[in-house]
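**Student:** Line order of the protein sequences matches chains F and C. Residue numbering for the first sequence follows the numbering used here, beginning at 104 and increasing consecutively. Residue numbering for the second sequence follows the numbering used here, beginning at 104 and increasing consecutively. Built from N, CA and C at the ideal position, the CB exists for glycine as well.
2 protein chains.
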Amino acid sequence: MGTEERDEVEYDVFSRYCPSRSTLEHVTGRWGTLTLGALETGPLRFNALLRRVDGVSQKMLAQTLLALERDGFVDRENLSTAGLHVEYRLTRLGRDTAAQLLLLTGLLESRMPEVLAAQLRYDEARTGP
Amino acid sequence: MGTEERDEVEYDVFSRYCPSRSTLEHVTGRWGTLTLGALETGPLRFNALLRRVDGVSQKMLAQTLLALERDGFVDRENLSTAGLHVEYRLTRLGRDTAAQLLLLTGLLESRMPEVLAAQLRYDEARTGP
């Protein structure tokens with residue numbers, strides 16, 4: 104493969120034991136991507152996120168937010184002392200990551216006609232005329 | 104070309120029934136991301152991919168490649184008539200997507216010190232001194 108010169112500690116998502124691997128799992132995937140993407144326009148409460156990330160369950164959203172908070176992508180802010188009103192907002196790291204993810208989802212959305220045509224060709228080649 | 108004329112159709116990954124949602128699932132997540140990323144430097148055979156995407160099982164890699172092929176991100180090429188030597192390569196769509204994904208993994212790798220510091224703060228706040 105050849106040696107790459109880097110002046111910092113090397114993190115490598117391709118290596119299964121690298122800590123970046125689990126962060127990659129938290130950030131990508133449908134729920135990580137959509138949760139970060141939804142927060143990109145501003146802070147949201149849990150129920151608003153639940154509506155925006157269409158199809159996510161309460162349990163999956165709670166798990167996703169917890170992992171994103173622990174990794175430093177999302178901050179959880181109590182708006183009342185009783186803790187009844189909690190708002191989620193992106194950190195600086197979360198904003199940078201969300202911007203990157205939205206470029207990806209934008210690319211996918213814009214190329215869906217190609218994807219659907221490929222699916223059709225694939226299925227037709229396998230079912231015959 | 105019929106499908107490509109539907110330029111005005113809006114695809115939205117946030118909507119659970121949009122076909123872009125399942126494509127997002129195939130492309131992101133650790134195995135989709137790493138498989139596309141691994142192929143960015145050139146075509147690879149199955150066993151080479153298995154080594155490069157460290158930690159993936161044969162079954163998961165096969166499932167990932169099948170979904171990526173059906174969606175038009177990856178082409179499968181038989182190098183021998185017996186079908187013993189199969190090579191996987193990115194399509195144009197796959198290259199565009201892989202480039203975007205590698206920007207994301209590069210961002211995560213470069214920000215891992217921040218992530219690890221956040222994890223430490225999170226855990227310490229919950230376990231106490």
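Helix, strand or coil, according to DSSP, for C/E227 in the structure here?
**Tutor:** In the structure shown, C/E227 sits in a helix (DSSP, three-state: H, G or I).
**Student:** Closer than 8 Å by beta-carbon distance: list the chain C residues that pair up with F/E128, in chain order.
**Tutor:** Here the neighbours are G132, R133.
**Student:** Less than 6 Å between C-beta atoms, sequence neighbours within five positions excluded: which residues of the same chain meet that for F/D178?
**Tutor:** Same-chain partners within the cutoff: R192, T194.
**Student:** Does DSSP put F/L193 in a helix, a strand or coil?
**Tutor:** Strand, per DSSP.
**Student:** Can a CB atom of chain C be found closer than 7 Å to the CB of F/A151?
**Tutor:** Chain C contact via Cβ: absent.
**Student:** What does F/T136 touch in chain C if you count any residue whose Cβ is under 7 Å from its own?
**Tutor:** Those within 7 Å of F/T136 in chain C are L127, T131.
**Student:** Entirely within the region 133-184 of chain F and at least 4 residues each: give me those alpha helix (DSSP H) ranges in chain order.
**Tutor:** Runs of the alpha helix (DSSP H) inside the region 133-184 of chain F: 149-155, 161-173.
**Student:** Just the Cα atoms here: how many angstroms apart are C/L147 and C/L182?
**Tutor:** For C/L147 and C/L182, the distance between alpha carbons rounds to 12 Å.
**Student:** What residues in the region 205-217 of chain C bring their beta carbon closer than 7 Å to a beta carbon of chain F?
**Tutor:** The region 205-217 of chain C vs chain F, Cβ under 7 Å: L206, L207, T208, L210, L211, E212, R214, M215, E217.
**Student:** Count the CB pairs spanning the region 159-175 of chain C and the region 212-228 of chain F that are closer than 8 Å, and state whether there are at least three.
**Tutor:** They touch, by the three-pair rule.
**Student:** Mind checking C/E113: buried by the 16 CB within 10 Å criterion, or exposed?
**Tutor:** Label assigned to C/E113: exposed.
**Student:** Using a C-beta cutoff of 7 Å, does C/D157 count as contacting chain F?
**Tutor:** Yes - at least one Cβ of chain F is within 7 Å of the one on C/D157.
**Student:** With the cut-off set at 7 Å, would you say C/V156 and C/T138 are in Cβ contact?
**Tutor:** Their beta carbons are under 7 Å apart, which means C/V156 touches C/T138 by this criterion.
**Student:** Hey, how far is the Cα of C/A151 from the Cα of C/L164?
**Tutor:** Going from the Cα of C/A151 to the Cα of C/L164 covers about 11 Å.
**Student:** What is the DSSP secondary structure of C/D115, counted as helix, strand or coil?
**Tutor:** The answer is coil: DSSP assigns C/D115 none of H, G, I, E or B.
**Student:** Residues in its own chain within less than 7 Å of C/T230 by CB, not counting five upstream and five downstream?
**Tutor:** Once the five neighbours on either side are set aside, C/T230 has no close Cβ partner at all.
**Student:** On the DSSP letters alone, give me the boundaries of the alpha helix (DSSP H) that C/T126 sits inside.
**Tutor:** First-last of the alpha helix (DSSP H) with C/T126: 122-130.
**Student:** If I measure Cβ to Cβ from C/T106 and keep anything under 6 Å in the same chain, skipping five residues before and after, which residues do I get?
**Tutor:** At C/T106, the pLDDT of 48 sits below 50, so the modelled position is not reliable; the number obtained from the coordinates is stated separately. Cβ within range, chain order: n/a, list empty.
**Student:** Is F/A174 close to chain C? Criterion is C-beta to C-beta, closer than 7 Å.
**Tutor:** Just to set this straight, residue 174 of chain F is Asp in the shown sequence, not Ala. Yes, F/D174 lies at the interface with chain C (some Cβ there is under 7 Å from its Cβ).
**Student:** Applying the criterion that 16 or more other CB atoms from any shown protein chain within 10 Å of the CB defines a buried residue, is F/T131 buried or exposed?
**Tutor:** Classification for F/T131: buried.
**Student:** Using a beta-carbon distance below 7 Å, is C/L196 in contact with chain F?
**Tutor:** Chain F contact via Cβ: present.
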